[in-house]
Amino acid sequence: MSVTRAPIAIALDTNEINTAKEWATLTSPQISTMKLGLEFFTRFGISGVSDVMELAHGAQLFLDLKLHDIPAGLAPTYLTVHASGGAAMISAAAQALPQTRITAVTVLTSLAPDDLARMGFPSDISMLVKSLAISAVDAGARAIVCSPQEVGMLREVLPREIHLLTPGVRPAGSAQDDQERVSTPAEAFAHGADLVVIGRPITSLWNPHSPHLMSEGLAEIISGLE
């Protein structure tokens, strides 16, 4: 895979805005997307998001809030909502932000079949993901978050213009951490992912005294996509 910027979203999971800025500055020349979550947004708000993105060399913003309300004043490329929130919520979000790909989160990659069974959901994750994804797209979602294990199935049943975003991606040899349904970035792309989300395998390399270590580690991950 040869692209100017790799289709990778780095999860900027930090409570330090200066660290997020440094990560964005360092990684954005190599990858397409910056992902900021609810904890960061709650702490730093729209201004904090804007401050980070000003240093991201024109990268896309993936705002992973999973909220029922749409934050005013932002127009991210991707904005997550829960697929289980229902058609009315997804439709309202899509109408409120027509330039944003409303992104429906199906089943978290940290959940295993036993976890779903304990919560009263069907233990067949694939069928649950498929049902949630189809319903969300019918309601106006233009992107879906799913694990790498379901991305191939969804690529077959959803229109090609629907973007598939896959967390739970770990480079070969990396720790699985708290993820249950994982694969390598290359495997996710081979099955039809449009964007993969990678956090700790990149951010754990951060050393403010040796920032090149993070750049080199990211370059190694990207080289594995070719």
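Whatever position you read off the sequence shown (first residue = 1), add 1 for this note's numbering.
No residue lacks a Cβ here, since even glycine has one placed at the ideal position from N, Cα and C.
ask   = Do GLU55 and ASN16 come within 8 Å of each other at the CB atom, strictly closer than that value?
value = Not closer than 8 Å, so no.
query = Three or more beta-carbon pairs under 8 Å between the segment 203 to 210 and the segment 45 to 52, yes or no?
reply = no
key: Bridge partners - ASP116, DSSP secondary structure assignment   = None; ASP116 has no bridge partner.
Alpha-carbon spacing of ALA142 relative to VAL152, whole angstroms = 16 Å
request  = Would you tell me roughly how many angstroms separate the C-alpha atoms of HIS58 and ALA173, rounded to the nearest one?
outcome  = For HIS58 and ALA173, the distance between alpha carbons rounds to 28 Å.
Proximal residues to THR107 (C-beta, below 7 Å), its chain only, five neighbours per side dropped = ALA84, VAL130, LEU133, ALA134, ILE145, VAL146 and CYS147
query = Would you report the Cα separation of LEU159 and PRO209, rounded to the nearest angstrom?
reply = Going from the Cα of LEU159 to the Cα of PRO209 covers about 43 Å.
request  = Please list the segments of the alpha helix (DSSP H) lying wholly inside the segment 93 to 149, counting only runs of 4 or more residues, in order along the chain.
outcome  = 114 to 119 and 126 to 140
ask   = Taking Cβ positions, are LEU226 and LEU196 nearer each other than 8 Å?
value = no
message = Nearest by alpha-carbon distance to SER127: which of ARG156, ASN19 and HIS164 is it?
response = For the residues ARG156, ASN19 and HIS164, the minimum Cα distance to SER127 belongs to ARG156.
query = Just checking my contact of ILE18 with ASP52 at CB under 8 Å: how many whole Å lie between their CB atoms?
reply = 7 Å
Through-space distance from ARG44 to THR5, alpha-carbon basis = In this structure, the CA atom of THR5 is about 33 Å from the CA atom of ARG44.
request  = Answer with buried or exposed for LEU219, where buried requires no fewer than 16 other C-beta atoms within 10 angstroms of its C-beta.
outcome  = buried
message = Using a Cβ-Cβ cutoff of less than 8 Å, which residues in the same chain neighbour ALA60 once the five nearest sequence positions on both sides are dropped?
response = Here the set comprises ARG6, ALA25, SER29, ILE32, SER33, THR34, MET35 and MET54.
inquiry  = Please classify GLN150 as buried or exposed, where buried requires at least 16 neighbouring CB atoms within 10 angstroms.
reply    = buried
request  = Below 8 Å CB to CB, which residues in the same chain sit around LYS67 once its five sequence neighbours on both sides are set aside?
outcome  = LEU39, THR81, VAL82, HIS83 and VAL106
task = Express the C-alpha separation of ILE11 and ALA187 in angstroms, rounding to a whole number.
result = 16 Å
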